[in-house]
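> The structure's right below; bear with me while I get my questions together.
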Amino acid sequence: MTKVAIVTASDSGIGKTCALLLAQNGFDIGITWHSDERGAQETAKKAVQFGVRAETIHLDLSQLPEGAQAIEHLIQRLGRVDVLVNNAGAMTKSAFIDMPFTQWRQIFTVDVDGAFLCAQIAARHMIKQGEGGAHYQHHLRP
36 MTKVAIVTAS DSGIGKTCAL LLAQNGFDIG ITWHSDERGA QETAKKAVQF GVRAETIHLD
96 LSQLPEGAQA IEHLIQRLGR VDVLVNNAGA MTKSAFIDMP FTQWRQIFTV DVDGAFLCAQ
156 IAARHMIKQG EGGAHYQHHL RP
């Protein structure tokens, strides 16, 4: 059975590199993009050259919780998920000292809340599959 990796924001940069390395190692790839659909298609085209499947989908983590459902759709299209690379993140050119609180909340929503929801969706599927990823259970000692 082919393993499946979903890499958020894999239309360019670190995400694209991660997706292509995983494809090179035999993983089918779920590719997400926010504003560069063409970049996502290019990543998919390069991934399939390694003999794997690649699916793309738009991901907007500024619109939560609905935006994270793109991960659910990718899992349905690819049949499973074994790896999630939570690479998506909001960026700003504002200096920290000048950043309005509303802008900070937008960044936090994408970078933290969005990553949480994507990981939660993927983890639920991994548990249901009985494999994929890793989870740890912490036990308190008296």
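Here the working numbering = 1-based position in the sequence shown + 35. Ideal Cβ placement from N, Cα and C applies to all residues, glycine included. Just so you know, these numbers come straight off a predicted model, no measurement behind them.
1) I'd like the list of long-range same chain contacts for Leu152, defined as Cβ closer than 7 Å, with 5 residues on each side in sequence excluded.
2) Give the secondary structure of Thr67 by DSSP, where H, G and I count as helix, E and B as strand, and everything else as coil.
3) Between Ala82 and the rest of its own chain, which residues show a CB-CB distance below 7 Å, the 5 nearest in sequence each way excluded?
4) Just mark Asp46 as buried or exposed, buried being the case when its beta carbon has 16 or more other beta carbons within 10 Å.
5) Under the rule that 16 or more other beta-carbon atoms within 10 Å means buried, what is Met161, buried or exposed?
6) Do you know offhand how far Ala150's Cα is from Phe85's?
Let me spell this out:
1) Leu99, Pro100 and Ala103
2) Thr67: strand per DSSP, three-state reduction.
3) For Ala82, same chain residues with a beta-carbon under 7 Å away, outside a window of 5 residues either side, are Ala54, Leu55, Ala58, Ile64 and Ala89 in chain order.
4) buried
5) buried
6) For the pair Ala150 and Phe85, the Cα-to-Cα distance works out to about 28 Å.
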